[in-house]
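Report on one structure; see the data block that follows.
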DNA sequence: TCGTACATGTCAACACGCTGACATGATGCA
DNA sequence: TGCATCATGTCAGCGTGTTGACATGTACGA
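Protein chains in written order, with full-length UniProt numbering: chain V, 1 to 155; chain S, 1 to 155.
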């Protein structure tokens, strides 16, 4: 209690650098996606649906680390713009399977182009080996913090 | 335009893993700081002021990647609670130098204890060597994305 | 000296995400 | 069968952060 702990400058603390990297990347992606009239959340939602068609709102929310309510807003917006299609009637429980509309797939293709540019720029200074290592180390951090707990962000 | 680009699952994309790590870390820090009645933003603000006393609101905002306006709200809250002190009159331009109050330093010491636990847990699976490498790689990513641009988040 | 540019603090309005709460449909068990 | 439990979708309210705008104080150059 005598001294206030860590004296290392924030620039060398993993947490700080991690936040900075996430912030800068998000800003860069926002800029890249703005001409396509897509936010990062909307883009991520479309890409997830391309890889895993038929996901429900709750499943998408978990995959994107946001609440069901937030995801619901994203889905409503994308549906209203004709970029995706939700079953009007739940085939099983209350879950509404969601799929990309043709317009959504088209928009996503352009978005992936733009995002790819940003990603390449970000990783320009890293070897493929370093890139894999970075992913692995970050994943190790996530699991060390108890990845098992966050079944959902809210709830 | 024929195929929608990246087919790699999102779990292996740096951007996705980066966001996940940042989200999980923030959640863990929020939990750790809640008993102390501090948010992550408030904690970061106090820690920055400990390392660099006398910073103005705008300087703090830049260091924390938020807008001046957001930082202003954080500072008002901390000042009202007696955790920091702002010069009532600007000594030079309009910038108001800010310093930790004794109560703030005390609270910060406890907060650093709590945050240190979370950080240790997160880095448990990494060697010190890997930790440094992780920081370096993330910093490289930030700089590759054009670290020079974001003078301020807003503006 | 004047005026332009720039940085800072502050107010207002808006967007996004979260928590809390509720209703509904499915599942499992007594 | 009846009931408890769980997951999902949805509504309302709140907090946080952002953009836009404005006033003020400083520094620089004609």
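Glycine is no exception: its CB is placed at the ideal position from the N, C-alpha and C atoms.
Neighbourhood of residue i by C-beta, 6 Å cutoff - its chain only, sequence neighbours within 5 removed
| i | result |
| --- | --- |
| residue 13/V | none |
| residue 63/S | 48 |
Anticipated Cβ contact below 8 Å, residue i with residue j, distance rounded
| i | j | result |
| --- | --- | --- |
| residue 131/S | residue 123/S | 6 Å |
| residue 128/S | residue 99/S | No, residue 128/S and residue 99/S are not in contact; Cβ-Cβ is about 33 Å, not under 8 Å. |
| residue 57/S | residue 71/S | 5 Å |
| residue 18/S | residue 22/V | 5 Å |
| residue 38/V | residue 107/V | 7 Å |
| residue 117/V | residue 27/V | Contact flag wrong, Cβ pair sits at about 14 Å. |
| residue 145/S | residue 24/V | 5 Å |
| residue 200/V | residue 9/S | Residue 200/V falls outside the range modelled here, since chain V spans only 1 to 155, and no answer is possible. |
| residue 115/V | residue 29/V | 6 Å |
| residue 125/V | residue 140/S | 4 Å |
Below-8 Å beta-carbon distance, residue i vs any chain S residue
| i | result |
| --- | --- |
| residue 21/V | yes |
| residue 137/V | yes |
| residue 25/V | yes |
| residue 119/V | yes |
| residue 53/V | no |
| residue 10/V | yes |
| residue 101/V | no |
Closer than 8 Å to chain V by CB, residue i
| i | result |
| --- | --- |
| residue 151/S | Reliability of the predicted coordinates at residue 151/S is poor, the pLDDT of 45 falling under 50, and the value obtained from them is presented with this limitation in mind. Cβ-Cβ to chain V under 8 Å: no for residue 151/S. |
| residue 124/S | yes |
| residue 144/S | yes |
| residue 61/S | no |
| residue 32/S | no |
Same chain, Cβ closer than 7 Å to residue i, five either side skipped, listed in chain order
| i | result |
| --- | --- |
| residue 110/V | 36 |
| residue 103/S | 82 and 83 |
Proximal residues of chain S, C-beta to C-beta of residue i below 7 Å
| i | result |
| --- | --- |
| residue 17/V | 135, 138 and 139 |
Beta-carbon contacts of residue i that lie in its chain and below 8 Å, excluding the five residues immediately before and after
| i | result |
| --- | --- |
| residue 55/V | 48, 49, 63, 97 and 98 |
Per-residue contacts from residue i into chain S (C-beta, under 9 Å)
| i | result |
| --- | --- |
| residue 69/V | The contacting residues do not exist; residue 69/V stays about 16 Å from chain S at best. |
Contacts of residue i in chain V (Cβ-Cβ under 8 Å)
| i | result |
| --- | --- |
| residue 131/S | 14 |
Within chain V, partners of residue i - CB distance below 9 Å
| i | result |
| --- | --- |
| residue 48/S | 10 |
>> Just to confirm the assignment: which complete alpha helix (DSSP H) runs, minimum length 4, are found wholly within the UniProt domain "HTH marR-type" (11 to 144) of chain S?
In response: Listed in chain order, the alpha helix (DSSP H) elements of length 4 or more contained wholly in the UniProt domain "HTH marR-type" (11 to 144) of chain S are 14 to 33, 40 to 51, 57 to 64, 68 to 80, 102 to 122 and 128 to 144.
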